[in-house]
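If you read the sequence shown in UniProt numbering, its first letter stands for residue 1, the second for the next number, and so on.
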Amino acid sequence: MYAPTLFGYQRRETIPVSIGDLMLGSDFPIRIQSMTTVDTMDTVGSIEQSIRMIDAGCELVRITAPSVKEAQNLENIRKGLRAKGYKTPLVADIHFTPNAAELAARIVEKVRINPGNYADKKRFETIEYSESSYQAELERIRDKFLPLVKICKEYGTAMRIGTNHGSLSDRILSRYGDTPLGMVESALEFLRICEDEKYFNIVLSMKASNTQVMVEAYRLLSKKLADGQFKAYPLHLGVTEAGEGEDGRIKSAVGIGTLLEDGLGDTVRVSLTEDPEFEIPVAKDLVNRYVGRNRPNAPIPSLSNLSAGFDSPINPFAHTRRKSAELMNFGGHQVPRVIADYSHLKSISMEDLKSIGHFYLPEPDKWAMNDLGADYLFTGTSDLDFMLPNGLKQIQSATTWLQSSPSEHQFPLFEVEDWLKASKKHAQLNFVQADAEEIWSNDLFVNALKLAQNEVLVLSSSFSNRMAAIRRAFFELEIQGIHIPVVIRLNYQDIHADQFQLFAPTDAGALFIDGFGDGLMLSLAGLPVQSSLENSTNFGILQACRVRISKTEYISCPSCGRTLFDLQETTARIRQVTDHLKGVKIGIMGCIVNGPGEMADADYGYVGIGKDKIALYRGQEVVKKSVPADSAVDELIQLIKEDGIWKDPQETNN
1 MYAPTLFGYQ RRETIPVSIG DLMLGSDFPI RIQSMTTVDT MDTVGSIEQS IRMIDAGCEL
61 VRITAPSVKE AQNLENIRKG LRAKGYKTPL VADIHFTPNA AELAARIVEK VRINPGNYAD
121 KKRFETIEYS ESSYQAELER IRDKFLPLVK ICKEYGTAMR IGTNHGSLSD RILSRYGDTP
181 LGMVESALEF LRICEDEKYF NIVLSMKASN TQVMVEAYRL LSKKLADGQF KAYPLHLGVT
241 EAGEGEDGRI KSAVGIGTLL EDGLGDTVRV SLTEDPEFEI PVAKDLVNRY VGRNRPNAPI
301 PSLSNLSAGF DSPINPFAHT RRKSAELMNF GGHQVPRVIA DYSHLKSISM EDLKSIGHFY
361 LPEPDKWAMN DLGADYLFTG TSDLDFMLPN GLKQIQSATT WLQSSPSEHQ FPLFEVEDWL
421 KASKKHAQLN FVQADAEEIW SNDLFVNALK LAQNEVLVLS SSFSNRMAAI RRAFFELEIQ
481 GIHIPVVIRL NYQDIHADQF QLFAPTDAGA LFIDGFGDGL MLSLAGLPVQ SSLENSTNFG
541 ILQACRVRIS KTEYISCPSC GRTLFDLQET TARIRQVTDH LKGVKIGIMG CIVNGPGEMA
601 DADYGYVGIG KDKIALYRGQ EVVKKSVPAD SAVDELIQLI KEDGIWKDPQ ETNN
């Protein structure tokens, strides 16, 4: 059992943790935090940036302390902030340097250590351990970590034990593999030492750039804490190296939002490759959605017919796609399909299709499609007076479809009652729209679905907690043995576009992370006709969940005082010349701390190793060292060309 409930919202109960005067845990609001990006030795710059963050709503300010001199300067930064009337707690971020951590713990309110590199080194070596030799390693770690624990206990300093997927030690990788279990065990090794010393002022995190891994690790941590009779420590949520702009926001919402829906999480940091004050409004929007969620609404029934003690017919700790029958290009081994919702438009022109990735070219009289070309167009009750491109098929309301003379690429969308009594259906593909509640309450409908051969179910929900309701419907389909493909349909009103790109990835992402969904249809009321927001969000969610890769993926860190080049400018330059390389993953890391490990998923890496010096990686292997920064982007392109992966932009647009 990893969450209090799967069919509503209930925050996981935790112990309280004090960080200076700030209290953290389930009895308190979910706290917002971020991290400075200026050099820690720049006292004035650090103070000024911290103030901008705090004024934006940041409740915890994290500052890197890569060595003793930076740890010492935290005192000057802290005094400067206090002199200006700012009492926000400071957090020292530590990698590799226990002596810096031990000094910082005497100065600031909280220290963050990474178990993967606090007492271990990473050389990407596989090591064979016997039980006795492994225990000897744990004793070595204890000796190295114990001084910090005692200092934190003496000074009342809080600690975050923060595991990062990409920086697991060789020791952990050799024993547990590159897995969520390895991430959890890495933290628990350090946690056991703390508990032995009766030190409990601790926050835990399990961060990864891969949202599937991140969610699985946090869920497993929650379960392991309960199973192992540990205290219920608060959780710090974050997706590492989420990137920038729209992609970074969607990816953050998928990972963080999925866990918030489960009731997990007590403090949030959104990691964007942008100035830290811009992270705060994103985190606020994600968190504020759950204010008042504990208020009762219409109950979603549990699954009483399960013999297991927990209402989940799936494994929440390992991503497995729901088994579904393949019907045309839905379900089975097909990627999830994107359906564009144009049902609100009274008339549709060829020009309107630009916003969903389909372009009519008058001179050659043909259609072109980009990588974000929608698969289906739902036109509601409208008819089209032009022929759609080959890559796009039409869905109509069943009443309109029945009255027209549809082509082979036009398909009906039925309401439940109309479908149950319909005498005419499409011979190959029919869509049936249902509220999630009908799946667990309408026996006639469920029994008909068991016999369905040419149907795709379109699931939406009128519940205030729509994700939980749709999840409950998917669970019922699993229990009933119904394997037809399912499209997730989510409609939003009375929210602005920025919130849409956080709420939709939370609701849909949580379902796709659990392996549910063969298609996605999003809509936001009030958008202009030409808006491409819905379409890019559809594709962005599928990409962030790793279920459909449609564009280049950038695993870029948010920058900090360790960063050795201008991350925002460099990321923009790399994106400008590589964003047509569909499916290629490029890691852009400011320093070696967030280097080869953190971009473990990347095909290529661009890592700062010194002032204006870059190391280029193929996977986790350094292939070019000390490349001058002004030529490193060109060298990266050359490396991709050498591997035969490069395509010129015009090739991908044809």
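We put the CB at the ideal spot given by N, CA and C, even for glycine.
In this text, all values refer to a predicted model and were calculated from it rather than measured experimentally.
Item: Helix, strand or coil at N288 according to DSSP, with G and I counted as helix; Value: helix
Item: Residue environment, R123, which counts as buried when at least 16 other CB atoms sit within 10 Å; Value: exposed
Item: Rounded separation between D634 and A572 - CA only; Value: 14 Å
Item: Run of the beta strand (DSSP E) containing I574, from where it starts to where it stops; Value: I574 -> not in any beta strand (DSSP E); alpha helix (DSSP H) instead, spanning L567 to T578.
Item: Start-to-end residues for the alpha helix (DSSP H) that takes in D247; Value: G245 to E261
Item: Inter-residue spacing [alpha-carbon to alpha-carbon] between F565 and Q501; Value: 29 Å
Item: Inter-residue spacing [alpha-carbon to alpha-carbon] between Q499 and L533; Value: 12 Å
Item: For D341: DSSP bridge partner residues; Value: F378
Item: Beta-carbon proximity of L103 to Q72, cut-off 8 Å; Value: yes
Item: Whole-angstrom distance between I280 and G57, CA atom to CA atom; Value: 6 Å
Item: Where E351 falls, given that 16 or more other Cβ within 10 Å makes a residue buried; Value: exposed
Item: Residues that DSSP places opposite R112 in a beta bridge; Value: D93 and R160
Item: Under the three-state DSSP convention, the category K198 falls into; Value: coil
Item: For I151, three-class secondary structure by DSSP; Value: helix
Item: Supposed contact pair L520 and I541 - C-beta distance, whole angstroms, cut 8 Å; Value: 7 Å
Item: N- and C-terminal bounds of the beta strand (DSSP E) containing R548; Value: No beta strand (DSSP E) contains R548, which DSSP labels as neither H nor E.
Item: Same chain, Cβ closer than 8 Å to V215, five either side skipped, listed in chain order; Value: G255, T258, L259 and I513
Item: Three or more C-beta pairs below 8 Å linking the stretch 456 to 470 and the stretch 482 to 490; Value: yes
Item: Burial state of L361, where buried means 16 or more other Cβ atoms lie within 10 Å; Value: exposed
Item: Beta-carbon gap between H163 and V203 smaller than 8 Å; Value: According to the sequence shown, residue 163 is Thr rather than His. Result no, Cβ atoms of T163 and V203 do not sit closer than 8 Å.
Item: Nonlocal neighbours in the same chain, by C-beta distance under 6 Å from L306, ignoring five residues either side; Value: Note that L306 scores a pLDDT of 45, beneath 50, so its modelled location is shaky and nothing firm can be said.
Item: R192 and R112 closer than 8 Å at C-beta; Value: no
Item: Per-residue burial, residue 655 [other beta carbons within 10 Å of its own, 16 or more giving buried]; Value: Shown here, the chain extends from 1 to 654; a query on residue 655 therefore has no answer.
Item: Residues bridged to D435 [DSSP beta-bridge criterion]; Value: S460
Item: Pairwise C-alpha distance: G587 and P276; Value: 20 Å
Item: Simplified DSSP state of P296, which is helix, strand or coil; Value: Because P296 carries a pLDDT of 46, less than 50, the predicted location of this residue cannot be relied on, and no value is offered for it.
Item: Coil, strand or helix - A242 by DSSP; Value: strand
Item: Neighbour-count burial assignment, L449, 16 or more Cβ in a 10 Å radius; Value: buried
Item: Residue burial classification, N315 (beta-carbon count within 10 angstroms, cutoff 16); Value: exposed
Item: Three-state class that DSSP yields for R142 in the structure shown; Value: helix
Item: Neighbour-count burial assignment, E185, 16 or more Cβ in a 10 Å radius; Value: buried
Item: Sub-8 Å separation of N535 and I356 beta-carbons; Value: yes
Item: Unbroken stretches of the beta strand (DSSP E), 3 residues or longer, contained in the stretch 6 to 50; Value: 17 to 19, 22 to 24 and 31 to 35
Item: Own chain, CB closer than 8 Å to E128, minus 5 neighbours either side, in chain order; Value: S174
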